[in-house]
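Structure, as structure tokens:
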Amino acid sequence: MVAARTDKIWVGHLLRRAGFGATPEELDRYQSLGYEGTLDELLNPEKVNNRKLEALIEQQDFDFTRIEDLKRWWLYRMCFTGRPLEEKMTLFWHGHFATGFKKVKHPYAMYTQNLLFRDYAVGNFKDLLMAVSQDPAMIIWLDNQQNRRGSPNENYAREVMELFSIGIGNYTENDIKEAARAFTGWQTNPAGFIFNRRQHDNGEKTFLGRTGNFGGEDIVEILASQPATGRFLARKLIRFFALDDPDDAMVRAVADQYLSSPYKIRPMLRAIFSHPDFFSDRAYHARIKSPAELVVGTVKTLQIRHLDGDLPTLMARMGQNLFDPPNVKGWDGGPAWISTDTMMERFNFAARVTGQKFDEIEGYFSPSELAAKEGLKNARELVSYFLELLVDGDVPQSTRKRLIAYVSSDLSGQPATAIPDDSVLDAKLRGLVRLIMTLPTYQLA
Amino acid sequence: MVISRRKFLSGSLGTLSLCLTQPDLLALAAQAANLAPRAGGTGKILVIVQMAGGNDGLNTVVPYAEGNYYQARPQLAIQASEALPLNGQLGLNPNLAGFIELFKQGKLAIVQAVGYPHPNRSHFRSMEIWQTAQPDRIGDTGWLGRYLDLVVAETHGKPANLLPAVNVDPLLPKSLSASKVIVPSVDNVRDFRFRTDPRFQADRQAQVAAFKDIYTSFKLNRPNVDLLRQVGLDANEASDLLLKSVRSYKGSVSYPANQFAERLRFIAQMIAGGVNSRVYNISLSGFDTHVNQTRTQNGLLKQLSDGLLAFQQDLEAHAVDKDVVVLTVSEFGRRVAENGGRGTDHGTAAPLFVIGSSIKGGIYGDSASLSYLDQGDLKYKIDFRCVYGTILDRWLNADSRQILGANFDHLEFI
Chain A
825 MVAARTDKIW VGHLLRRAGF GATPEELDRY QSLGYEGTLD ELLNPEKVNN RKLEALIEQQ
885 DFDFTRIEDL KRWWLYRMCF TGRPLEEKMT LFWHGHFATG FKKVKHPYAM YTQNLLFRDY
945 AVGNFKDLLM AVSQDPAMII WLDNQQNRRG SPNENYAREV MELFSIGIGN YTENDIKEAA
1005 RAFTGWQTNP AGFIFNRRQH DNGEKTFLGR TGNFGGEDIV EILASQPATG RFLARKLIRF
1065 FALDDPDDAM VRAVADQYLS SPYKIRPMLR AIFSHPDFFS DRAYHARIKS PAELVVGTVK
1125 TLQIRHLDGD LPTLMARMGQ NLFDPPNVKG WDGGPAWIST DTMMERFNFA ARVTGQKFDE
1185 IEGYFSPSEL AAKEGLKNAR ELVSYFLELL VDGDVPQSTR KRLIAYVSSD LSGQPATAIP
1245 DDSVLDAKLR GLVRLIMTLP TYQLA
Chain B
0 MVISRRKFLS GSLGTLSLCL TQPDLLALAA QAANLAPRAG GTGKILVIVQ MAGGNDGLNT
60 VVPYAEGNYY QARPQLAIQA SEALPLNGQL GLNPNLAGFI ELFKQGKLAI VQAVGYPHPN
120 RSHFRSMEIW QTAQPDRIGD TGWLGRYLDL VVAETHGKPA NLLPAVNVDP LLPKSLSASK
180 VIVPSVDNVR DFRFRTDPRF QADRQAQVAA FKDIYTSFKL NRPNVDLLRQ VGLDANEASD
240 LLLKSVRSYK GSVSYPANQF AERLRFIAQM IAGGVNSRVY NISLSGFDTH VNQTRTQNGL
300 LKQLSDGLLA FQQDLEAHAV DKDVVVLTVS EFGRRVAENG GRGTDHGTAA PLFVIGSSIK
360 GGIYGDSASL SYLDQGDLKY KIDFRCVYGT ILDRWLNADS RQILGANFDH LEFI
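If you read the sequences in order, they're chains A and B. Residue numbers for the first sequence, in the numbering used here: 825 to 1269. Residue numbers for the second sequence, in the numbering used here: 0 to 413.
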């Protein structure tokens, strides 16, 4: 199976997972680097010059006090960044430390939290956990602002263990109460994090079997050093990047990197993208695309240069509302992305992207132009070209045949008897791309 | 919380895709289109309302005669003068005016101090326990999923009814995770339609036909392909069916202007329109009131009560009210003592509500003690599986033992 797929295919696979897919032009460049070269570049985002993206962002004149602008800003980054893995990890951390604007209500705090996730994208988890514990949006989201000496609020203490580090089953209710005391006085004001000494509980605490006059820093340190944290992160990273149902051996291999590095995310990612299971039929076109992957991947593959302001709303209807995950556990991902409702939204996103409404504006999708540029002459060539472009040609033979029949029919569905005029051809090409975008394979990264 | 379909895929459907031929599927599609609409009085329906986040029970059904309540909650307690009296001991939160009306009509049952042994205070684990009704292990199926597995008839290994249940929420709860069916989710029926370019209306049919052919015969030996294929076909079929039933609905009852009420109206439209579903799921979230509880919880309880009152009136106007029972659930109640942020942390037992024209209204069970606590939390008196068992046996006519794995005492609200 592995041998049957070329390095070229695996580079595309890697870019769909470690990034959001690629434009044909980007794909050419990465393919010339080879798989290892591409992986090196992706894993070291700080070495990639990203000035082009920053200039593009500058032009848009986003207002970071408006949540709609914030969503579009992030979508621009995902679509046009030169550092795809950095952006993908930012999305991972947003889902991991899931914080919702609905409650935080300060767009700028959501923005600075997002910058934090990007700064630590492939960095040190202990440092990130510390920074998140002192992040204003998080402090508001999990109510640490109200966590005071003598009347602790347990919200952050519980979730930092259950969802952010060691996972359920590795602590007691008493550990939660004691950790909550350690985080008392960790507050925020408009300038950022503040340590409110008067509200901090200076007493002795017993946490995960250790006793001391612990502060929040100690809790973070202890949590980061637990092997359970490495396993928890490893499984979550593998499910996010590689496959739904990893074997224990793969989880162990990735978790080992966490403790030996120690606490670094970059080697964990390298272990995932180099693991044999990443190159198996269980991984290739087998993991369901998140709405972000679907939407951004489409923009890139079809080389759409102008972003429709509605894209974040469409993503939300597919189940991924940026800056507003469904709850503190984030998006479950995998099969949970798929329901009758979200499937219909995906079908209609395809209709929208390929729809005629866009053709007056330069930069939107134009299949006729593409077909002319590629010199595609007949239905078979058209179907082959778009299947290759969108899904590596990875469909059953019956699908290919049926698509050819669709393109060869006229607008009333009868086999075409005459050469269609340009507007009919354009409509059929848009219909073709729409149908390919509704295929099961297109929902798979 | 969200369904794992692994079991489903490795089980029935995995083999299904190998043995189903195209003529079978076409026959099934025709059958689904001709499904006999549900006639009034013929089927019993459960609407389950998830109050997500853990609703504070003590400020919902207020023990206003208890000094301990006021001692534990100097800032949060609801004064006896404000509560809507149920009897000399208990009153409802003042925002539950709709519920008091239903209570007076004998259409609201309050089950007190509902919980389960060894309570878990994690949102996600506790929700899973309520949704699977399996406190001791994490199962793959939900309690209503197992009910559907028992009652949904199959033709050629495929469920005969496309809509045995409908989830009116973006996320499918684990309660509806089944082995034989994938419960469809539809939270906005207006957008639930296969769209094509309006300028080429004729091509719509060509696209829909190509879509159906491709999906019906789409086989690739990969994870998730069968799931996508099945849900894609279901989505298309369900869309036709639901749009039809919603179009036939005529309503005179006015619902409050919020998303929860809109979704309740959609459920009423499906019930009145003859959709043949036994179970509807809907949720209202935001009950995780660690800070400034009063404003948040009051607003949510008002939405809950106003929405469900309108829903009940709508069902009555369509003469289908006797077919429907509503059950509210929440993953846990909250700590007895308030915290320092005018809120409450995760707790244990809490009351729940059962609503409908076919139930016996009243208060069931004793209130939890406010003096004998377990680590600051209420001790439950009624296992939630007693409530489920009562509904399964006495309302849905299913064998609760098969679904819950044991016999639980019945309550008398049905």
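Ideal Cβ positions, reconstructed from N, Cα and C, are used throughout, including at glycine.
- Boundaries cannot be given for Asn275/B, as no beta strand (DSSP E) includes it and DSSP labels it neither H nor E.
- Think of a sphere of 7 Å around the beta carbon of His1109/A: the chain B residues whose beta carbon falls inside it are Arg221, in chain order.
- Using a Cβ-Cβ cut-off of 8 Å, Ile1096/A does not count as an interface residue toward chain B, since no Cβ of chain B sits closer than that to its own.
- Listed in chain order, the non-local C-beta contacts of Ala933/A below 6 Å within the same chain comprise Pro960, Ala961, local neighbours out to five positions each way being set aside.
- The residue among Lys1001/A, Ile1089/A, Gly1039/A with its C-alpha nearest the C-alpha of Phe1019/A is Gly1039/A.
- In the displayed model, Val180/B falls within coil according to three-state DSSP, outside both helix and strand.
- For Phe286/B, the nearest beta carbon of chain A is not closer than 8 Å to its own beta carbon.
- Taking each of Ala405/B, Asn92/B, Asn280/B in turn and checking the Cα distance to Thr295/B, the smallest one comes out for Asn92/B.
- In the assembly as shown, Ile963/A is a buried residue. Its beta-carbon has 16 or more other beta-carbons within 10 Å.
- The beta carbon of Arg228/B sits closer than 8 Å to some beta carbon of chain A.
- Selection Arg124/B, Asn58/B, Val150/B, Arg136/B evaluated against Ala397/B yields Val150/B as nearest (Cα-Cα).
- Secondary structure of Trp1010/A (DSSP, three-state): strand.
- Residue contact check for Met1168/A against chain B: a CB pair falls below 8 Å.
- Scanning the region 1087-1147 of chain A for uninterrupted alpha helix (DSSP H) segments of 4 residues or longer gives 1089-1098, 1115-1125, 1135-1141, listed from N- to C-terminal end.
- By the Cβ rule, the region 921-940 of chain A does not count as touching the region 972-979 of chain A, because fewer than three pairs are nearer than 8 Å.
- Beta-carbon to beta-carbon, Val182/B and Leu171/B are separated by about 6 Å, close enough to satisfy the 8 Å threshold.
- Annotation: the continuous alpha helix (DSSP H) that includes Asn235/B extends over 224-246.
- Scanning the region 50-132 of chain B for uninterrupted beta strand (DSSP E) segments of 3 residues or longer gives 107-114, listed from N- to C-terminal end.
- Among the residues facing chain B, Tyr1188/A is not included, as its CB has no counterpart in that chain under 8 Å away.
- Out of Trp394/B, Gln88/B, Lys321/B, the CA that lies nearest to the CA of Gly355/B is found in Lys321/B.
- Residues of the region 108-128 of chain B whose Cβ lies closer than 9 Å to any Cβ of chain A, in chain order: Asn119, Arg120, Ser121, His122, Phe123, Arg124.
- Nearest to Pro1115/A by alpha-carbon distance, out of Phe1102/A, Leu1135/A, Gln1127/A, is Leu1135/A.
- Within 7 Å of the CB of Phe1171/A, the CB atoms of chain B belong to Phe193, in sequence order along the chain.
- Lys1029/A places its beta carbon less than 8 Å from that of Ala1006/A.
- Restricted to the region 272-354 of chain B, the beta strand (DSSP E) segments that are unbroken, complete and at least 3 residues in length are 278-284, 323-328, 349-354, listed in chain order.
- Rounded to the nearest angstrom, the gap between the Cα atoms of Val946/A and Phe916/A is 11 Å.
- The beta-bridge partner set that DSSP reports for Val165/B consists of Tyr279/B.
- Between the region 75-90 of chain B and the region 371-383 of chain B, the count of C-beta pairs closer than 8 Å stays below three; the two stretches do not touch.
- Membership of Phe1019/A in any alpha helix (DSSP H) is not indicated; the residue belongs instead to the beta strand (DSSP E) covering 1016-1019.
- Assigned with DSSP and collapsed to three states, Phe1056/A falls in helix.
- Distance check between Leu987/A and each of Phe844/A, Lys927/A, Lys1060/A places Lys1060/A closest, using alpha-carbon atoms only.
- In terms of Cβ geometry, Asp1068/A and Gly1154/A do not form a close pair [threshold 8 Å].
- A straight-line Cα-Cα distance of about 36 Å links Val1152/A and Asp392/B.
- Approximately 6 Å separates the beta-carbon atoms of Val60/B and Leu89/B; this is inside 8 Å, confirming the contact.
- Listed along chain B, the residues sitting closer than 8 Å to Leu1259/A by beta-carbon distance are Gln206, Ala209, Phe210, Ile213.
- Residue contact with chain A for Leu372/B: absent (no Cβ-Cβ distance below 8 Å to any residue of chain A).
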